[in-house]
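J.: Note that the protein sequences, when read in sequence, are chains A and B. All the letters of the first sequence, read from the start, carry residue numbers 1 to 637 under my numbering. All the letters of the second sequence, read from the start, carry residue numbers 638 to 884 under my numbering. Take this structure first; my questions come after.
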Amino acid sequence: MNLDAKIPSGPIAEKWDKHRFNLKVVNPANKRKYKVLVVGSGLAGASAAASLAELGYDVDCFCFQDSPRRAHSIAAQGGINAAKNYQNDGDSIYRLFYDTVKGGDYRAREANVYRLAQVSNNIIDQCVAQGVPFARDYGGLLANRSFGGAQVSRTFYARGQTGQQLLLGAYSALSRQIGAGKVKMHARTEMLDLVLVDGHARGIVTRNLVSGKIQSWAGDAVILATGGYGNVFYLSTNAKGCNVTAAYRAYKRGAGFANPCFTQIHPTCIPVSGDYQSKLTLMSESLRNDGRVWVPAEGGDKRAAGDISEAERDYYLERRYPSFGNLVPRDVASRAAKKACDEGRGVGETGLGVYLDFADAINRLGEDQVRARYGNLFHMYEKITGENPYQVPMRIYPAVHYTMGGLWVDYNLMSNVPGLHVLGEANFSDHGANRLGASALMQGLADGYFVIPYTIGDYLATSSGDKVSTEQQEFKDAEAQANQQVDKFLSIGGKRSPDSFHKELGKIMWEYCGMARNEAGLKTALEKIPALREEFWENLSVPGSGADFNTTLEKAGRVADFLEFGEMMCNDALLRTESCGGHFREEYQSEEGEALRDDENFCHGAIWEYSGAGNAPTRHREELEFEYVKLTQRSYK
Amino acid sequence: MNLTLKVWRQSGPQDKGKIVDYAVKDINSHMSFLEMLDVLNEELIAKGEEPIAFDHDCREGICGSCSMMIDGIPHGPDRGTTACQLHMRRFKDGDVVYVEPWQAKAFPVIKDLVVDRSAFDRIIQSGGFVSINTGNAQDANALPVNKDSAEAAFDAAACIGCGACVAACPNASAMLFVAAKVSHLGKLPQGQPERAKRVQSMVSTMDTEGFGSCTNTFECEAACPKEISVTNIAQMNRDYMQSSLGD
Numbered sequence: 001m002n003l004d005a006k007i008p009s010g011p012i013a014e015k016w017d018k019h020r021f022n023l024k025v026v027n028p029a030n031k032r033k034y035k036v037l038v039v040g041s042g043l044a045g046a047s048a049a050a051s052l053a054e055l056g057y058d059v060d061c062f063c064f065q066d067s068p069r070r071a072h073s074i075a076a077q078g079g080i081n082a083a084k085n086y087q088n089d090g091d092s093i094y095r096l097f098y099d100t101v102k103g104g105d106y107r108a109r110e111a112n113v114y115r116l117a118q119v120s121n122n123i124i125d126q127c128v129a130q131g132v133p134f135a136r137d138y139g140g141l142l143a144n145r146s147f148g149g150a151q152v153s154r155t156f157y158a159r160g161q162t163g164q165q166l167l168l169g170a171y172s173a174l175s176r177q178i179g180a181g182k183v184k185m186h187a188r189t190e191m192l193d194l195v196l197v198d199g200h201a202r203g204i205v206t207r208n209l210v211s212g213k214i215q216s217w218a219g220d221a222v223i224l225a226t227g228g229y230g231n232v233f234y235l236s237t238n239a240k241g242c243n244v245t246a247a248y249r250a251y252k253r254g255a256g257f258a259n260p261c262f263t264q265i266h267p268t269c270i271p272v273s274g275d276y277q278s279k280l281t282l283m284s285e286s287l288r289n290d291g292r293v294w295v296p297a298e299g300g301d302k303r304a305a306g307d308i309s310e311a312e313r314d315y316y317l318e319r320r321y322p323s324f325g326n327l328v329p330r331d332v333a334s335r336a337a338k339k340a341c342d343e344g345r346g347v348g349e350t351g352l353g354v355y356l357d358f359a360d361a362i363n364r365l366g367e368d369q370v371r372a373r374y375g376n377l378f379h380m381y382e383k384i385t386g387e388n389p390y391q392v393p394m395r396i397y398p399a400v401h402y403t404m405g406g407l408w409v410d411y412n413l414m415s416n417v418p419g420l421h422v423l424g425e426a427n428f429s430d431h432g433a434n435r436l437g438a439s440a441l442m443q444g445l446a447d448g449y450f451v452i453p454y455t456i457g458d459y460l461a462t463s464s465g466d467k468v469s470t471e472q473q474e475f476k477d478a479e480a481q482a483n484q485q486v487d488k489f490l491s492i493g494g495k496r497s498p499d500s501f502h503k504e505l506g507k508i509m510w511e512y513c514g515m516a517r518n519e520a521g522l523k524t525a526l527e528k529i530p531a532l533r534e535e536f537w538e539n540l541s542v543p544g545s546g547a548d549f550n551t552t553l554e555k556a557g558r559v560a561d562f563l564e565f566g567e568m569m570c571n572d573a574l575l576r577t578e579s580c581g582g583h584f585r586e587e588y589q590s591e592e593g594e595a596l597r598d599d600e601n602f603c604h605g606a607i608w609e610y611s612g613a614g615n616a617p618t619r620h621r622e623e624l625e626f627e628y629v630k631l632t633q634r635s636y637k
Numbered sequence: 638m639n640l641t642l643k644v645w646r647q648s649g650p651q652d653k654g655k656i657v658d659y660a661v662k663d664i665n666s667h668m669s670f671l672e673m674l675d676v677l678n679e680e681l682i683a684k685g686e687e688p689i690a691f692d693h694d695c696r697e698g699i700c701g702s703c704s705m706m707i708d709g710i711p712h713g714p715d716r717g718t719t720a721c722q723l724h725m726r727r728f729k730d731g732d733v734v735y736v737e738p739w740q741a742k743a744f745p746v747i748k749d750l751v752v753d754r755s756a757f758d759r760i761i762q763s764g765g766f767v768s769i770n771t772g773n774a775q776d777a778n779a780l781p782v783n784k785d786s787a788e789a790a791f792d793a794a795a796c797i798g799c800g801a802c803v804a805a806c807p808n809a810s811a812m813l814f815v816a817a818k819v820s821h822l823g824k825l826p827q828g829q830p831e832r833a834k835r836v837q838s839m840v841s842t843m844d845t846e847g848f849g850s851c852t853n854t855f856e857c858e859a860a861c862p863k864e865i866s867v868t869n870i871a872q873m874n875r876d877y878m879q880s881s882l883g884d
């Protein structure tokens, strides 16, 4: 497997400029001759599709939702980072770069992260120009707030709906190109396979979710911007439709899958209330700017929060991490919450919850000010729990939120399969083993607006330029396989729904490959998953037909892939015998219970190569070199 | 609690469709309305029957996918709430609840509760944007925006494009949806160069897509899960008039 990261030489601050000059460009008149297939219409996909069409490329864009505006980027709440230093508080591109590498626990590629920090400023400019209504102060200038893992205020936000506003910005840019006839949009269309011709990614196979039609699309390059795989846990903050299928099918066609065990557990979500639960809802990290996290000092204290005096409370984040306090990074905050609950100090009916208390903020700022900052989040919390967070503290618990792992890409965001580019959460490149808050929006838009428009030109200008047709055998074979799978799902005639298998898989993953992992648990999971998969293929029930709108059939395909993917995740977690960022192996922790990295043996990305059905995949490495940020034990004390 | 659901079932666009009764039992009051439908659907699949098709995705009230009339009200009885955020504590044991799709000529039914809302996308494609190519922007702070204008623009921009306004309107008008976008961009300096062209073009697309006219019944505002104000419609009418005279 060719894993040349193609990192440009030279000082880090000059790499991207130099690289942009060295990249081949496609002459403006020739761009329209190239067809680019973009799968996904979230921040990364929509921004890429719009920007490439503006440049003149012929773009087809696909999404499984009924409209590109509904991609799950829309649910991001808190904000987007940029190194503008508008607050004059000492921020810089270098500091954003440094914080991101450190926050990722030294498992990201320095050159990619530096570029991300560089283009972060262009993103804010672009979004404001599109009419994104960011928060402003009374002078009319942009406002900022702080997020975890940073000691400066660099987060731009639009109330608690930043993702929505940024996505609507990208959607409007995409819509403009659709209206102009430069992008052909295919909504309610799900990618089922990647098609390679002569080793290059030259097309995809899709299923129209309304008519059931399975169809091929040929192009000169393929871009996957299909998001993360957090739904392997069934319960997560992802949307119900989020899935790993596109990325996993690309993996089966030869693309390397990097660091699948790096998953982010977000510390502030609304706790699970019952077995019927279908998803988890995030309460933005921005709440930790003003909310204080605590549990009763003594275990088993079942009194109401208001009856517990200050002296009987343990503000454990402030106690353990005095310099970052409630704003420690997500992995640290999540583990601390789990520890408090494991000690029997958890709150709420299930004991799996901690308080996030705004009483001090309301006293200090007044209820109106708190409402202005977080009103929609408080409203959402009350809708879901029936409790009023202005009067009683919120109860929160960690939940699966984001996946740092993804398809391996080089500096050009191209996978090891030539022509297959991967953007946003679907790739693995920028967040290492832990993503900092407000950095996902930044990365999705950086990839789509400011990286791929340059790098794809180099691929197209240097590729053969031969056209392929969907009549070719490679396409016909992939279509036949997709059709066979649909027929198989419909013919099993068992008793259990896709969701019931999905829930069971999720429980296995959360129990053994969740917030804390150990060898015995992972080995247990590796026995349970294949057994569950076997039952799936014998006892699945999918009513209805393949020739119309059939949501059970859609789910069956996604769950089938999760059932294979989960196994790869557990294997990755088992073989990474260190703790880093979101990957916490209980055997490897410091005396204070912090993640203990093993830089000597694991300062690398682990990339999995598919070796055929029934064979164990091969684990490759990309060694990581840290020239600028010194490898140290992360400390937020 | 136990409920009787009366659900619109329609196998496809050509099917006539009908209301079918379902008894749902042992519903927990902490469930969301959609989780209650999940429970019913699991039972149907276990019996080998096709589950009720409905659009949903984020289940946190922001993607705008979910779209159903619950007892004749878009998204159900709670103000400012999408169907996915409506919880069963709002209902009581023994209730009979009608669940139907959006009903509008411009939103044809695909299956059961699922409708085709692509007309909304086409309205945005006709002008709901600022024409700025990637890379052309000046520094974000070069153009200050009065805080009140920025807040007002945000209030309009909060629209999730669910279509409840159309479903609530006796004329199936899309005025609130269109006005929200026209106002959002019209209140910001970035939206000024195309302001006149935008409103003309979006209104014209709205008409050709088959949405009805506005007769100021304001059902749209009452049904809007994001509580978008009808004052946006007045603003749009003003812009439309002004841009028509300007021609």
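Cβ coordinates follow ideal geometry from the N, Cα and C atoms, glycine included.
Answer yes or no: does any C-beta atom of chain B fall closer than 9 Å to that of A/Gly514?
T.: So no, A/Gly514 is outside the interface.
J.: Does B/Phe791 pass the burial test, meaning 16 or more other C-beta atoms within 10 Å, or should it be called exposed?
T.: Buried.
J.: Identify whether B/Ile707 lies in helix, strand or coil by the three-state DSSP scheme.
T.: Residue state, collapsed to three classes: strand.
J.: Since A/Pro398 and A/Met515 are thought to touch, with beta carbons under 8 Å apart, how far apart are those beta carbons, to the nearest angstrom?
T.: Sure, about 6 Å apart at Cβ, within 8 Å.
J.: Kindly indicate which three-state DSSP category B/Met638 falls into: helix, strand or coil?
T.: Reduced to three states, the DSSP call for B/Met638 is coil.
J.: Please list the segments of the beta strand (DSSP E) lying wholly inside the stretch 120-204 of chain A, counting only runs of 3 or more residues, in order along the chain.
T.: Counting whole runs of 3 or more residues, the stretch 120-204 of chain A contains the beta strand (DSSP E) stretches 183-186, 189-197.
J.: Judging by CA-CA distance, which residue of A/His583, A/Lys523, A/Glu471, A/Gln443 is the nearest neighbour of A/Val119?
T.: Measuring from the Cα of A/Val119, the nearest candidate turns out to be A/Gln443.
J.: Can you check whether the C-beta of A/Cys127 is within less than 9 Å of a C-beta belonging to chain B?
T.: Closer than 9 Å: yes.
J.: Checking the sheet assignment: what are the DSSP bridge partners for A/Arg313?
T.: BP columns for A/Arg313 point to A/Pro296.
J.: When the Cα atoms are used, what is the spatial distance from A/Ile124 to B/Gly772?
T.: Using only the alpha carbons, I get a separation of about 11 Å.
J.: Note down, in chain order, every chain A residue with its Cβ under 8 Å from the Cβ of B/Gly828.
T.: Residues of chain A passing the Cβ test: Gly131.
J.: List the whole-angstrom C-beta distance separating A/Gln130 from A/Ala187, where the pair is believed to meet the contact cut-off of C-beta under 8 Å.
T.: With 8 Å as the limit, A/Gln130 and A/Ala187 do not qualify as a contact, their Cβ atoms being about 21 Å apart.
J.: When you check each C-beta in the stretch 791-811 of chain B against every C-beta of chain A, which residues fall closer than 8 Å?
T.: Listed in sequence order: Phe791, Ala794, Ala795, Ile797, Gly798.
J.: How many whole angstroms separate the CB atoms of A/Ile74 and A/Gln164, which I take to be in contact at a CB cut-off of 8 Å?
T.: With a Cβ gap of about 5 Å, A/Ile74 and A/Gln164 count as contacting.
J.: Quick check on A/Ala372: buried or exposed, where buried means 16 or more other Cβ atoms within 10 Å of its Cβ?
T.: With fewer than 16 Cβ atoms within 10 Å of its Cβ, A/Ala372 is classed as exposed.
J.: Pick helix, strand or coil for A/Ser67, following the three-state DSSP scheme.
T.: If DSSP states are grouped into helix, strand and coil, A/Ser67 belongs with coil.
J.: Looking at the unbroken beta strand (DSSP E) that takes in A/Val422, where does it start and where does it end?
T.: Here the beta strand (DSSP E) through A/Val422 covers 420-422.
J.: Examine chain A for any beta-carbon lying closer than 9 Å to the beta-carbon of B/Leu667, and answer yes or no.
T.: In the sequence as presented, Leu is not what sits at residue 667 of chain B; that position holds His. It does: the Cβ of B/His667 has a partner Cβ on chain A nearer than 9 Å.
J.: Helix or strand or just coil, what does DSSP make of B/Gln647?
T.: B/Gln647: coil per DSSP, three-state reduction.
J.: Can you give me the Cβ contacts of A/Phe549 inside the same chain, cut-off strictly under 7 Å, excluding the 5 residues immediately before and after it?
T.: The answer, listed in chain order, is Leu209, Val210.
J.: Please tell me whether B/Arg696 has its Cβ less than 9 Å away from any Cβ of chain A.
T.: Interface residue, yes.
J.: When the Cα atoms are used, what is the spatial distance from A/Leu436 to A/Trp294?
T.: About 22 Å.
J.: Grab the span of the beta strand (DSSP E) containing A/Ala221 for me, first residue to last.
T.: Its beta strand (DSSP E) spans residues 221-224.
J.: So what does A/Glu622 bridge to, in DSSP terms?
T.: Its beta-bridge partners are A/Gly605.
J.: Taking the alpha carbon of A/Glu14 as the reference point, which residue from A/Glu110, A/Arg619, A/Asn539, A/Ala340 has its own alpha carbon closest?
T.: Here the closest residue by C-alpha is A/Glu110.
J.: In chain order, what residues of the stretch 644-656 of chain B put their CB closer than 7 Å to some CB of chain A?
T.: The stretch 644-656 of chain B vs chain A, Cβ under 7 Å: Gly649.
J.: If the cut-off is 9 Å on Cβ atoms, which residues from the stretch 674-699 of chain B count as contacting chain A, listed in chain order?
T.: Answer set for the stretch 674-699 of chain B: Asp675, Val676, Asn678, Glu679, Leu681, Ile682, Ala683, Lys684, Gly685, Glu686, Glu687, Pro688, Ala690, Phe691, Asp692, His693, Asp694, Cys695, Arg696, Glu697, Gly698, Ile699.
J.: Between the stretch 381-393 of chain A and chain B, which residues of the former have CB atoms less than 9 Å from a CB of the latter, in chain order?
T.: Hits within the stretch, in order: Lys383, Ile384, Thr385, Gly386.
J.: Are three or more beta carbon pairs between the stretch 231-247 of chain A and the stretch 692-702 of chain B nearer than 8 Å?
T.: Because the criterion of three Cβ pairs below 8 Å is met, the stretch 231-247 of chain A and the stretch 692-702 of chain B touch.
J.: Could you give the uninterrupted runs of the beta strand (DSSP E) lying entirely in the stretch 310-358 of chain A, keeping only those of 3 residues or more?
T.: If we require 3 residues or more, the beta strand (DSSP E) runs fully inside the stretch 310-358 of chain A come out as 354-357.
J.: The alpha helix (DSSP H) spanning A/Asp91 covers which residue range?
T.: Taken as a continuous stretch (DSSP letters only), A/Asp91 belongs to no alpha helix (DSSP H), as it is neither H nor E.
J.: Counting only Cβ pairs nearer than 8 Å, list the residues of chain A close to B/Glu672.
T.: Within chain A, the residues near B/Glu672 are Tyr276, Gln277, Ser278.
J.: Is there a Cβ from chain A that is less than 9 Å from the Cβ of B/Arg726?
T.: Yes, because at least one Cβ of chain A sits closer than 9 Å to the Cβ of B/Arg726.
J.: Along the chain, where does the beta strand (DSSP E) that runs through A/Trp217 open and close?
T.: Residues 214-218.
J.: When the cut-off is 9 Å and only beta carbons count, does B/Leu822 lie next to chain A?
T.: Closer than 9 Å to some Cβ of chain A, the Cβ of B/Leu822 qualifies, so yes.
J.: Taking all protein chains shown into account, decide if B/Thr718 is buried (16 or more other Cβ within 10 angstroms of its Cβ) or exposed.
T.: By the neighbour-count rule (16 or more Cβ atoms within 10 Å), B/Thr718 is buried.
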